[in-house]
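What follows is a short report on a single structure.
Number of protein chains: 4
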Amino acid sequence: MKTIKAAIAGATGYTGGELIRVLLNHPYVEIGALLTSSRCGQAVSAVHKDLYGDCDLHFTDAPGEPDVLFLCLAHGASREFLRTHSLPAHCKIIDLGNDFRVDNTFGDKTFVYGIPEWFREDIRHAGHVANPGCFATAIILALAPLAATRLLTSDVHIHAVTGATGAGKQPGETTHFSYRASNLSIYKPFTHQHLAEINHTLAALAGGVIPPINMIPVRGDFTRGIFASVLTRLPENVAAEQVQEYYRNYYAPSPFVHLAAGTISLKEVVNTNKALLQLHFHNGYVHITSAIDNLLKGASGQAVQNMNLLFGFPEDCGLRLKNIGF
Amino acid sequence: MKTIKAAIAGATGYTGGELIRVLLNHPYVEIGALLTSSRCGQAVSAVHKDLYGDCDLHFTDAPGEPDVLFLCLAHGASREFLRTHSLPAHCKIIDLGNDFRVDNTFGDKTFVYGIPEWFREDIRHAGHVANPGCFATAIILALAPLAATRLLTSDVHIHAVTGATGAGKQPGETTHFSYRASNLSIYKPFTHQHLAEINHTLAALAGGVIPPINMIPVRGDFTRGIFASVLTRLPENVAAEQVQEYYRNYYAPSPFVHLAAGTISLKEVVNTNKALLQLHFHNGYVHITSAIDNLLKGASGQAVQNMNLLFGFPEDCGLRLKNIGF
Amino acid sequence: MKTIKAAIAGATGYTGGELIRVLLNHPYVEIGALLTSSRCGQAVSAVHKDLYGDCDLHFTDAPGEPDVLFLCLAHGASREFLRTHSLPAHCKIIDLGNDFRVDNTFGDKTFVYGIPEWFREDIRHAGHVANPGCFATAIILALAPLAATRLLTSDVHIHAVTGATGAGKQPGETTHFSYRASNLSIYKPFTHQHLAEINHTLAALAGGVIPPINMIPVRGDFTRGIFASVLTRLPENVAAEQVQEYYRNYYAPSPFVHLAAGTISLKEVVNTNKALLQLHFHNGYVHITSAIDNLLKGASGQAVQNMNLLFGFPEDCGLRLKNIGF
Amino acid sequence: MKTIKAAIAGATGYTGGELIRVLLNHPYVEIGALLTSSRCGQAVSAVHKDLYGDCDLHFTDAPGEPDVLFLCLAHGASREFLRTHSLPAHCKIIDLGNDFRVDNTFGDKTFVYGIPEWFREDIRHAGHVANPGCFATAIILALAPLAATRLLTSDVHIHAVTGATGAGKQPGETTHFSYRASNLSIYKPFTHQHLAEINHTLAALAGGVIPPINMIPVRGDFTRGIFASVLTRLPENVAAEQVQEYYRNYYAPSPFVHLAAGTISLKEVVNTNKALLQLHFHNGYVHITSAIDNLLKGASGQAVQNMNLLFGFPEDCGLRLKNIGF
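Residue numbers (the numbering used here), protein chains in the order written: chain A, 1 to 326; chain B, 1 to 326; chain C, 1 to 326; chain D, 1 to 326.
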């Protein structure tokens, strides 16, 4: 298959680094410009030190002529980047920020929301992709089968724990090791910014209104992962077996989303592009546990999955990563 | 004040060890028999190694003549212990197991449920105390003001994360460091054994039936603490300020339970007997965050608090512990 | 006993916070001015959030009339503070910075190096104390018996791991949770700034020159503690039993330093003012494991121990802290 | 290239699981029999739960006709296994236990010590490989260039910290999360069983005797990794630059061993087959920091590297793993 050239804007951050780690082993991608505003000319391994010995790449400030551009910028900075940089006409854009997830147009460009499990065909024919947020990915995968089958009718209660990498590279009080180790704390209760894209996407899948979603985000004591606990009441007379089957069928064509039979734990998805779902039923409620790696299925892994679809590569190409295991 | 003599059955376990740590600094308690079936004659510091240099106590198998006996046995073993050991008639019993929390009688003995913040006067005049479970403590403290004011009328959704010490000293698959580090997993969804005492106690406080409680327990990646996220819908036209005031008033006389104004985090209670509560209101819902140290307010600290009430000591005597901070 | 009034400069930092936590329970101390340049007027619990419910203190910028002043400032800032603030003539100063550890005079003030186990009588009669560094405390306690008995004659090799609180409150790259979790890294090999006070103190105890000390500091994956591994060759024909006895005898009068018979682990000292030492002998070498809590015996706990000596309180007054255990 | 069939004895343990994770993505290997004495017939994902959705393999007790057999058994059990199982004559054996590392013969079979960086040609022509221990790998890679250049002449002092997976899957006191979290402890000081293969191998490289090696193993507070701190005095008049160059040259042909210019940290090698070395020089001493992933370069990754050499595959085939990063 033909090789494409990839550029990354914001290549010094966490999601930029993960993209490099993944793309280094992708058989059809050549890593081109690794753009940064601050470390131009430096070796990639001076910033992403674990890549020492793995590559001889350097940061630059010239995008060159990429076939695909990943935007790994602060939320809100993607539009500014596109305004101030010129790209080849054929260049496809995958934005890992939240600039195009709800308001999905920019000039003549349209961004498809990049959850391949639900918008696979749209993405295959798209020019550009708005890569979903990490919480949004975990939660949409958990609820989309209910929305699509019109079973999402009661208030939803979500408690979702995120790893410290979700807060980005800039150090601060709540990412200080002394604070975060052996600790838990909630933040932005009911008001997390991912609720917009979650509501938007589920409403589209449900073909109408969806019930209120109560989301309590929690800062967890680990580096990687989202562990979401999602609870809602089912409409009356809906059998658990039926719901299980909906989930299984919807995700059967998907290489990365699995409905687990047994008990799942967060670490089973760490360093992979997988999402694991588990259902429990009790007194009319369904509880969905949803686990992803926030930097992979929740960011850079899903971005590569979207890239694979955009360019006609196998969906899992370069994404069969060795699980961390422990 | 007169000194009392305390004995501990099951003194080699986690809660037994915490009792020793706390009682060593209690001004009115002399530690008597530290009972064990397996390490009889050994130094306490051979098992609780951190006590090396702090005491010269040894384990024994003879209860002696204690004024108070703490039972720190496996759940279900307290009744058997009482059947097979004779105690002085005046000896007060504090059971940290779950034997007497719901069915609270044993022969002519009656056990009062030991949440001092709600049953303080009962405990003061009681002979024996059934010390609550760790999850139960965190959740009852969170919901009791709603129950007592008849505001607990809608289904309750709880997501509660526990530290590894909650699983006891016996090593196993889910307490193996390699499994537990950087991991989260749910267990016993909707069916945790503490639900019985939670329902029983809240119903008593509400003076009638209470709504269903959905509880999702989660194994956390830390050693000490319970971090409970509790959500329910308030009856219509109940003002947030009113609810805040109920909580503040109910807990005003309590030295260890605080309604925090700002954001709380789990570590703020670790190594203390405190419970911290925080309320958020949103679209008719109230969300209560409740944090305790599972081994102290959730077990041995609360047991000493109950002992203080039983014997007329100041409620916080010996329990002003230095917070771990970090 | 008479109560004294204590002020703390730099009360918003880690060591300042630990001092407050300890002094709150000290029977002979009233906490006076808690000085800060940045949070003046705010509640202490707004910064040290775990103290919510434990005290109603506020930060100030006026030292008042303290009997003892603890300086918890950045290294080098203590001299500047003393130049710019006037203190009561009788006020004793305990500096937790490194300003007076080697060059121990300031105007007419002399600072005694505050390792009570070796300079107890000097401290009792001192006006002011230079509180040792955390690494220095762990290492001096490990080597001082050899120095004092003239057995410290061969090169010393030290590998010492420190918790993240040792790096202070200011967040940075190497205290970011995402970096530090599950990680180890060395820093300042052979050149750590505590070597000056270590060399200075051991030379004084040895009454002459001491051998070179090779020290490799390591950033550890925990919040609290110093775990030092110290190796040196003994002079010929020195029996292990003899060395063990020297250690036991030297530390017999000390309430906080213990020569352990069995295996020690770091957590046995966390949240205490204890130091645990363990000796192994092999082929002419002695290996000393030394463990302390860097914020207590390595900083604020030792400062209170020194305060107790300065004011004639029992040495362990207010310092019988409940060990964290787990 | 032709595909080979691999069998694994002891496939339910940590190193067996890692082998499966690596071999699943190896282009020239078909995973054959996954042998176990206890879980025969069960799905691999029932034991290695993170492999759910990644493979449909099951455990068995029949070795079949493998081209290569990995032995992942308890130390000492490999000889017993070979005595009681018959294998095809052409089957090559890679033993991850310590049965053949020093005494390297079994009947007519000879096992080559499998550090590819030093015995690459021997391995290429070998029938069987004794895969080194994890500590041994980290330490031999650190010291071998000195041994080979006859610069290893002074006593060596090693402080090496290991992750909890190094202790194996069976839970116990020192792998209990409550014990291990935020803790450090030494074990087997001076007497670790890997010293035999370390001494044996370095003596072979040095062509004679080597100085005593003092090794202090430490239990670390993380799951994966070995972080070794190695110190020795250089012979007089040996320039640092010369030593640096020896290291660089020796490891230049090796795809996985790198002499880092800057500061290294443990996590840079986690989930990779890399070893990172860093040198510091001070007053005649050289200090070598050596970091590997104990389950990969220290076990299963190196086993696959050896397999690649045995079968003429590229040395790094299947071993370009995505680093965990965080």
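Where is the CB? At the ideal position from N, CA and C, for every residue including glycine. Remember, predicted model here, so these are calculated numbers, not experimental data.
Establish whether the CB of residue 120/C and some CB of chain B are separated by less than 8 angstroms. For the purposes of this step, residue 120/C is taken as residue 120 along the third sequence, with counting starting at 1. Residue 120/C does not count as touching chain B.
Considering only C-alpha positions, which residue in the set 99/B, 80/B, 206/B, 244/B is nearest to residue 288/B? Translated into the one-based positions of the second sequence, residue 288/B becomes position 288. Nearest option by C-alpha distance: 244/B.
Is the beta carbon of residue 68/C less than 8 angstroms from the beta carbon of residue 58/C? Here residue 68/C is taken as the residue at index 68 of the third sequence, counted from 1. Here residue 58/C is taken as the residue at index 58 of the third sequence, counted from 1. No; because the gap between Cβ atoms is not below 8 angstroms, this pair is not in contact.
Pull out every residue of the stretch 35-52 of chain C whose Cβ sits closer than 8 angstroms to any Cβ of chain B, in chain order. 46, 48, 49, 50, 51, 52
List the DSSP bridge partners of residue 286/B. Here residue 286/B is taken as the residue at index 286 of the second sequence, counted from 1. 232/B, 281/B, per the DSSP bridge assignment.
Residue interval of the beta strand (DSSP E) (run including residue 259/B): Stepping through the second sequence from its first residue, residue 259/B is reached at position 259. 257-259 is the span of the beta strand (DSSP E), which, as asked, contains residue 259/B.
Cross-chain neighbours of residue 300/D in chain B, by beta carbon under 8 angstroms: Position 300 of the fourth sequence holds residue 300/D. By Cβ distance, chain B contributes nothing, its closest Cβ being about 15 angstroms from residue 300/D, past 8 angstroms.
Residue 150/A (DSSP reduced to helix, strand or coil): Taking the first residue of the first sequence as position 1, residue 150/A is located at position 150. Coil.
Within the 8 angstroms Cβ cut-off, does residue 22/C reach chain B? For the purposes of this step, residue 22/C is taken as residue 22 along the third sequence, with counting starting at 1. So, interface residue.
For the stretch 104-192 of chain A, list the alpha helix (DSSP H) runs that are entirely contained and at least 4 residues long, ordered along the chain. 116-124, 134-148, 177-180
Can you have a look at residue 194/A and say buried or exposed, based on whether 16 or more other CB atoms are within 10 angstroms of its CB? Taking the first sequence and counting its residues from 1, the one referred to as residue 194/A is at position 194. Looking at its Cβ environment, which holds 16 or more other Cβ atoms inside 10 Å, residue 194/A is buried.
Limits of the beta strand (DSSP E) - the one that residue 215/C falls within: Taking the third sequence and counting its residues from 1, one reaches residue 215/C at position 215. From DSSP, the beta strand (DSSP E) with residue 215/C extends over 213-219.
With DSSP run on the structure shown, which of helix, strand or coil describes residue 239/D? Mapped onto the fourth sequence, residue 239/D falls at position 239. Here residue 239/D sits in coil by DSSP.
Under 8 angstroms between C-beta atoms, does residue 290/A make it to chain B? Indexing the first sequence from 1 puts residue 290/A at position 290. Chain B, which has no Cβ nearer than 8 angstroms to the Cβ of residue 290/A, makes this no.
Taking Cβ-Cβ distances below 7 angstroms as the criterion, which residues of the stretch 170-182 of chain B are in contact with chain D? 171, 172, 173, 175, 176, 177, 178, 180, 181
Quick test of your reading: residue 230/D and residue 143/D, contact by CB under 8 angstroms. State the CB separation rounded to the nearest angstrom. Along the fourth sequence, one-based indexing puts residue 230/D at 230. Along the fourth sequence, one-based indexing puts residue 143/D at 143. Sure, about 6 angstroms apart at Cβ, within 8 angstroms.
In angstroms with no decimal places, state the Cα-to-Cα distance between residue 166/A and residue 298/B. If you number the first sequence from 1, residue 166/A lands on position 166. If you number the second sequence from 1, residue 298/B lands on position 298. One C-alpha to the other measures close to 31 angstroms.
Output, in chain order, the set of chain C residues within a Cβ distance shorter than 8 angstroms of residue 137/B. Looking up residue 137/B in the second sequence gives position 137. Those within 8 angstroms of residue 137/B in chain C number zero; the least Cβ separation is about 17 angstroms.
Whole beta strand (DSSP E) elements within the stretch 7-82 of chain B, 3-residue minimum: 29-35, 68-71
Pairwise C-alpha distance: residue 208/B and residue 146/A: The count along the first sequence starts at 1 and reaches residue 146/A at position 146. The count along the second sequence starts at 1 and reaches residue 208/B at position 208. The alpha-carbon atoms of residue 146/A and residue 208/B are separated by roughly 35 angstroms.
Tell me whether residue 170/C is buried or exposed, calling it buried when 16 or more other Cβ atoms sit within 10 Å of its Cβ. For the purposes of this step, residue 170/C is taken as residue 170 along the third sequence, with counting starting at 1. Burial call: exposed.
Presumed contact (8 angstroms Cβ cut-off) between residue 130/C and residue 228/C, rounded CB distance: Position 130 of the third sequence, counting from 1, holds the residue named residue 130/C. Position 228 of the third sequence, counting from 1, holds the residue named residue 228/C. Not a contact, Cβ separation roughly 20 angstroms.
Looking only at C-alpha atoms, which of 321/C, 280/C, 290/C sits nearest to residue 300/C? Position 300 of the third sequence holds residue 300/C. Checking every option, the nearest Cα to that of residue 300/C belongs to 321/C.
So, do the stretch 236-251 of chain C and the stretch 189-206 of chain C have three or more beta carbon pairs nearer to each other than 8 angstroms? no
Selection of the stretch 217-250 of chain A by Cβ proximity to chain G, strictly under 9 angstroms: Although the question refers to chain G, the structure presented lacks it and instead comprises the protein chains A, B, C and D.
Can you pull out the residues from the stretch 138-165 of chain B whose beta carbon lies closer than 7 angstroms to at least one beta carbon of chain D? 164, 165
C-alpha gap between residue 177/D and residue 185/B, whole angstroms: For this step, residue 177/D is matched to residue 177 along the fourth sequence. For this step, residue 185/B is matched to residue 185 along the second sequence. About 15 angstroms.
Does DSSP classify residue 86/C as helix, strand or coil? Against the third sequence, residue 86/C aligns to sequence position 86. Reduced to three states, the DSSP call for residue 86/C is coil.
Less than 6 angstroms between C-beta atoms, sequence neighbours within five positions excluded: which residues of the same chain meet that for residue 117/B? Position 117 of the second sequence, counting from 1, holds the residue named residue 117/B. Same-chain partners within the cutoff: 254, 257.
Would you mind sorting residue 83/C into buried or exposed? The rule is 16 or more other CB atoms within 10 Å of its CB. Residue mapping note: residue 83/C aligns to position 83 of the third sequence, counting from 1. Per the 10 Å Cβ criterion, exposed.
So the alpha helix (DSSP H) residue 93/C belongs to, where does it begin and stop? The count along the third sequence starts at 1 and reaches residue 93/C at position 93. From DSSP, residue 93/C is part of no alpha helix (DSSP H) but of the beta strand (DSSP E) over 92-95.
Taking only the alpha-carbon atoms, compute the straight-line gap between residue 65/D and residue 15/D and give it to the nearest angstrom. Sequence index remark: in the fourth sequence, residue 65/D carries index 65 (1-based). Sequence index remark: in the fourth sequence, residue 15/D carries index 15 (1-based). Each residue's alpha carbon lies about 22 angstroms from the other.
Between residue 199/C and chain B, is there a C-beta pair that is closer than 8 angstroms? Your numbering for residue 199/C matches position 199 in the third sequence. Taking Cβ atoms only, chain B never reaches closer than 8 angstroms to residue 199/C, which makes this a no.
State the start and end residues of the unbroken alpha helix (DSSP H) segment that holds residue 1/D. To locate residue 1/D, count along the fourth sequence from 1; it is residue 1. Note, residue 1/D: premise wrong, no alpha helix (DSSP H); not H, not E.
Leaving out five residues on either side along the sequence, give the residues of the same chain with a beta carbon under 7 angstroms from the beta carbon of residue 18/A. Here the question's residue 18/A lines up with position 18 in the first sequence. Contacts found: 295, 296, 299, 300.
State the start and end residues of the unbroken alpha helix (DSSP H) segment that holds residue 201/C. Walking along the third sequence from the start, residue 201/C turns up at place 201. Unbroken alpha helix (DSSP H) run through residue 201/C: 195-206.
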